[in-house]
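Here's the structure we're looking at; comments come further down.
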Amino acid sequence: MASAEQKAEELGLSIPDYSDPPFGARYGRMKPFHRIGNLVELAGLTPESRAGQRLHPGAIGVDVTIEEGYAAARLTAVHTLGMIRYAVGSLDNVVSLSRALCFVVCPPGFEDLHLVANGATDLFLDVFGEEIGSVGRASIGATSLSRNNCFELWLSLECHPETSL
Amino acid sequence: MASAEQKAEELGLSIPDYSDPPFGARYGRMKPFHRIGNLVELAGLTPESRAGQRLHPGAIGVDVTIEEGYAAARLTAVHTLGMIRYAVGSLDNVVSLSRALCFVVCPPGFEDLHLVANGATDLFLDVFGEEIGSVGRASIGATSLSRNNCFELWLSLECHPETSL
Amino acid sequence: MASAEQKAEELGLSIPDYSDPPFGARYGRMKPFHRIGNLVELAGLTPESRAGQRLHPGAIGVDVTIEEGYAAARLTAVHTLGMIRYAVGSLDNVVSLSRALCFVVCPPGFEDLHLVANGATDLFLDVFGEEIGSVGRASIGATSLSRNNCFELWLSLECHPETSL
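Now the structure itself:
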């Protein structure tokens, strides 16, 4: 069975490198992740590239379609893969993703937040498979996010004990 | 003193069984919980039954009263008891609830989010007592939640070390 | 190099005492924090004093300026220092802050949530320095918060293993 790193390569994903330049400089001195034992808590990630380019900014159901929101959530998950590599060295050092809060910018009455969040969690399943890549999830409607991004992901995971810091 | 399982029975709570059918099938392949050491992180829960029936959907302060929101939050906590059983086998394997993010669908200017969230946290106190059942809490106003649910709970807890996975 | 307690004194911060009276009485029987191993999860904190006085209530971008929001976020972080002392005895028992969800009450289209959240995270950097005090962060637009507060912080941290409970 293909490892997560092999799957990411097969899928041709363009995974950003958060070590160069180190994450956090643009928004002040933010930390990319923190590890306590085998628990890794990641900073929030968005569909914004390291260069500041945003995919489908705005509110889903207003400026952005569900399909575009799904694509933005999927790109956010690809960014998250880069952050996971930065945190634990390799996607193959993940024992299991734990859970993901998915913030979706949308107006009152919008009901399909889960269809947007699927963009992120489907990508995790594609790369890690079901045992490692499925997450506990909640999808929460936000009024807005920094720089008008339409989606933000807040993920925790478990890494192998022998992963060096 | 009555155990949490005894209290749940005394209160006549109708606690859903998340093992049959296994949680996660309806919204894609979601994970119900993940345990790292003695930390258990649960997926988001709502006042929606396993069959898809929702209690008081809509926005509190608009379509739903505070009293109805309280009832929806209480039902969400009952659902959470089912998820806790699924995660650690029995309510009596909980050392302590840790903290709960309470998402409340409400419009700008609504000030009584805590009165809604009390529905969930009062139920936890009723079942687990104060030492085990009190939680760190925040109540956050959301524009919307999946399938128009009015409340969502995001809980972490500590289980007994000897709890088998 | 000055310790976090020394820095807090140098800065002349007025840090509330959450042990007297014990936290949680006003909003029901809430828990201020929970510790699992070296992970400490804090309850949500706001720019509301122990006596119930709120700094700059309302929505940022509507009733409250970004500068006022920054001040409210900074005050929230000062409150958080009091909660950290309550949880682990001293600011000097913090190995590292882990991550902070920053909820910002703001209307759709507001883009500068990070400028508000900086108020909290800048204070942490001032007190703890970059190695200990930087956090993983996400800034989320809420419709409202309890009692019309404009900001709420949801923080996790790592404490020294020898910290007594």
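Residue numbers (the numbering used here), protein chains in the order written: chain A, 1 to 165; chain B, 166 to 330; chain C, 331 to 495. Glycine is no exception: its CB is placed at the ideal position from the N, C-alpha and C atoms.
For chain A, find out if any of its Cβ atoms is closer than 9 Å to the Cβ of Pro-212(B); answer yes or no.
no
For Phe-275(B), return the contacting residues in chain C, with the cut-off set at a CB-CB distance below 9 Å.
Thr-473, Ser-474 and Asn-478
What residues in its chain sit with their C-beta under 6 Å from that of His-114(A), if we drop five residues either side in the sequence?
Ser-139
Would the region 29 to 39 of chain A and the region 143 to 150 of chain A be scored as touching if the rule is three or more Cβ pairs under 8 Å?
no
Could you run through the region 357 to 371 of chain C and flag, in chain order, every residue whose CB is less than 8 Å away from some CB of chain B?
Tyr-357, Gly-358, Arg-359, Met-360, Lys-361, Pro-362, Phe-363, His-364, Ile-366, Gly-367, Leu-369 and Glu-371
Assumed close pair Val-127(A), Ala-8(A) - CB separation to whole angstroms, cut-off 8 Å:
5 Å
With a cut-off of 9 Å, does the C-beta of His-160(A) fall near any C-beta of chain B?
no
Out of Glu-398(C), Ser-464(C), Ala-389(C) and Gly-466(C), state which residue places its alpha-carbon closest to the alpha-carbon of Val-435(C).
Ala-389(C)
Within the same chain, show all residues whose beta-carbon is closer than 7 Å to that of Asp-17(A), passing over the 5 residues directly before and after it, in chain order.
So the list reads Gly-82, once near-sequence residues are dropped.
Does the region 206 to 213 of chain B touch the region 316 to 324 of chain B, meaning 3 or more C-beta pairs lie closer than 8 Å?
yes
Return no unless some Cβ of chain B is closer than 9 Å to the Cβ of Phe-433(C).
yes
Which residues share a DSSP beta bridge with Ala-77(A)?
DSSP lists no partner for Ala-77(A).
Taking C-beta to C-beta, are Val-135(A) and Ala-100(A) nearer than 9 Å?
yes
Measure from the alpha carbon of Glu-233(B) to the alpha carbon of each residue in His-221(B), Pro-186(B), His-244(B) and Phe-316(B), then state which is nearest.
His-221(B)
When the cut-off is 9 Å and only beta carbons count, does Val-300(B) lie next to chain F?
Absent from the structure is chain F; the protein chains it does hold are A, B and C.
Rounded C-alpha distance that separates Gly-89(A) from Glu-492(C)
29 Å
Comparing the C-beta of Ile-66(A) with each C-beta of chain C, is any distance below 9 Å?
no
Please classify Gly-298(B): is it buried, with 16 or more other beta-carbons within 10 angstroms of its beta-carbon, or exposed?
Result: buried.
Three-state secondary structure (DSSP) at Leu-113(A)?
helix
Quick check on this structure: which residue in Ser-214(B), Arg-194(B), Asp-257(B) and Phe-275(B) has the alpha carbon closest to the alpha carbon of Thr-241(B)?
Ser-214(B)
Buried or exposed: where does Ala-167(B) fall if 16 or more other Cβ atoms within 10 Å of its Cβ makes it buried?
exposed
May I ask you to report which of helix, strand or coil DSSP gives Thr-263(B)?
Looking at the sequence provided, one finds Ser at residue 263(B) rather than Thr. Strand at Ser-263(B).
Would you call the CB atoms of Pro-377(C) and Asn-448(C) closer than 9 Å?
no
Taking just the CA atoms, how far does Asp-185(B) sit from Ala-402(C)?
47 Å
Partner residues on chain A for Ser-486(C), Cβ-Cβ distance less than 9 Å
Result: His-34, Ile-36 and Glu-41.
Residues near Leu-421(C) in its chain [Cβ-Cβ closer than 8 Å; skip 5 each side]:
Ser-333, Ala-334, Glu-335, Ala-338, Leu-411, Ile-414, Arg-415, Val-457 and Phe-458
For Glu-158(A), the three-state DSSP class (helix, strand or coil)
strand
Closer than 9 Å by beta-carbon distance: list the chain C residues that pair up with Glu-152(A), in chain order.
Ala-468, Ser-469 and Ile-470
So which residues of chain C does Gly-61(A) contact, with C-beta pairs closer than 8 Å?
Under the 8 Å cutoff, chain C gives no residues; its nearest Cβ is about 11 Å from Gly-61(A).
Please report how far the alpha carbon of Phe-188(B) lies from the alpha carbon of Val-95(A), in whole angstroms.
21 Å
Nearest candidate by alpha-carbon position, reference Val-281(B), set Glu-175(B), Ala-252(B) and Arg-302(B)
Arg-302(B)
DSSP three-state label for Ala-88(A), please.
The question names Ala, yet the displayed sequence has Val at residue 88(A). Val-88(A) falls in the helix class under three-state DSSP.
For Leu-385(C), the three-state DSSP class (helix, strand or coil)
In the three-state DSSP reduction, Leu-385(C) falls in the coil class, being neither helix nor strand.
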